[in-house]
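Chemist: Okay, here's the structure, questions in a sec.
If you want it as structure tokens, here you go:
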């Protein structure tokens, strides 16, 4: 028999002896405890794992590129769109289209990152909470949507108009408000200098007065209508670092001297939580602003000594609690 033939016929035997030699080096205590059968099982598992890796390297791309692993609008499960977004706006569809998500393979290690980025860029999305893959080829996206809290008064083509903003002062589409004018009365108005935003939709309004007013609107969101409030007005910057101050106004000319935006209060000015508590107590005792047959009110909540009305001492029960 030729050497070549001998080499071919003994190749498997040599491999077996090599594997046996490898196992013979395994710690003696393991063989003693588990027995030789356990070693052969471990070797078989290792061989299967190595073979699987090799098979994936050779054929994995063919499996990954199969059509059922491509993302589709049906396989993308997204948090339901809230009713304050105009029905003509389809957030999921637009994120898929603008983000090129139909090219995404769900088996791609970067698939979740690509999907999250596409939704983060959408005007109505405040935050992508989670992207989770679900077998066999679905993807679940949990979103926090932006919610309008106020309408900024602007002059456009010499006509008074409104631009909605969220609690962060981000400019939102006004489509829903154009379609349903009844919504205009449900939101507080923000009044500054009637200027239009300089940035695109989905970006923060480039005016700290409007950003601060939006924070006030968010704090008062549930109380706005019951208290008969109507507008947030930015007044001249105070001497406290030049930060803008604000007044709350009603349709009947009552005013609340609010002070600074939440989080921007100078030393000695109460925070927004205490201001809301004081106004709520006043309304509880006296009813909403602008009752018929009564003069407009002026309330001042800027001082830590408590709520004051025009030419009146602090209202009982509103003095600060030193234990807070």
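Numbering (the working numbering), first residue to last: 56 to 379. Ideal Cβ positions, reconstructed from N, Cα and C, are used throughout, including at glycine. Keep in mind the model is a prediction, meaning the values are calculated, not measured.
1) Just curious, the alpha helix (DSSP H) that residue 268 is in, first and last residue?
2) Please identify the residue among 343, 148, 328 and 304 whose C-alpha is closest to the C-alpha of residue 359.
3) I'd like to check one pair, residue 170 with residue 156: are the Cβ atoms closer than 9 Å?
4) Closest to residue 207 by C-alpha separation, out of 186, 248, 339 and 150, would be which residue?
5) Measure the alpha-carbon distance for residue 134 versus residue 151 and round it to whole angstroms.
6) Using the DSSP secondary-structure output, state which residues sit across from residue 245 in a beta bridge.
7) Mapping the DSSP letters down to three states, classify residue 314 as helix, strand or coil.
8) My understanding is that residue 354 touches residue 288, with C-beta atoms under 8 Å, so please give their C-beta distance in whole angstroms.
9) Hey, out of 203, 172, 278 and 333, whose CA is closest to residue 153's CA?
10) In the DSSP assignment, what residue or residues form a beta bridge with residue 216?
11) DSSP puts residue 300 in a beta bridge; with which residues?
12) Under 9 Å, do residue 218 and residue 243 count as touching if we go by C-beta distance?
13) Taking 9 Å as the threshold (C-beta atoms), are residue 271 and residue 317 in contact?
14) Which partner residues of residue 229 appear in the DSSP bridge assignment?
15) Would you identify the three-state DSSP class for residue 170, choosing helix, strand or coil?
16) Which same chain residues end up closer than 6 Å to residue 309 when comparing Cβ atoms and leaving out the 5 residues on each side of it in sequence?
17) Could you spell out where the beta strand (DSSP E) holding residue 182 opens and where it closes?
18) Leaving out five residues on either side along the sequence, give the residues of the same chain with a beta carbon under 8 Å from the beta carbon of residue 307.
19) Less than 7 Å between C-beta atoms, sequence neighbours within five positions excluded: which residues of the same chain meet that for residue 211?
20) For the stretch 229-236 against the stretch 191-200, are there 3 or more C-beta pairs whose distance is under 8 Å?
21) Please list the terminal residues of the continuous beta strand (DSSP E) segment that includes residue 146.
22) If you measure between the beta carbons of residue 204 and residue 273, is that distance less than 9 Å?
23) Which residues in the same chain have their Cβ closer than 8 Å to the Cβ of residue 266, if we skip the five residues on either side of it in sequence?
24) For the alpha helix (DSSP H) that residue 336 lies in, which residues bound it at each end?
25) In whole angstroms, give me the CA-to-CA distance for residue 361 and residue 314.
26) Distance, Cα to Cα, residue 214 vs residue 257?
27) Let's test the definition: count the other Cβ atoms within 10 Å of the Cβ of residue 320 and tell me whether it reaches 16, buried, or not, exposed.
28) Is residue 346 a contact residue of the ligand ATP, with contact defined as CB to any heavy atom under 8 Å?
29) Smallest Cα separation from residue 185: which of 199, 324, 177 and 335?
30) Tell me the residue span of the beta strand (DSSP E) that contains residue 193.
Modeler: Quick look at the numbers:
1) 263-274
2) 328
3) yes
4) 248
5) 14 Å
6) 207 and 287
7) strand
8) With 8 Å as the limit, residue 354 and residue 288 do not qualify as a contact, their Cβ atoms being about 14 Å apart.
9) 172
10) 209
11) 290 and 315
12) no
13) yes
14) Answer by DSSP bridge pairing: none, since residue 229 is not bridged.
15) helix
16) 344, 345, 351 and 352
17) 180-189
18) 283, 344, 345 and 351
19) 251
20) no
21) Run containing residue 146: none in the beta strand (DSSP E); it sits in the alpha helix (DSSP H), 146-154.
22) yes
23) 223, 224, 259, 260 and 316
24) 327-341
25) 13 Å
26) 23 Å
27) buried
28) You won't find the ligand ATP in this model; it holds no ligand whatsoever.
29) 199
30) 193-200
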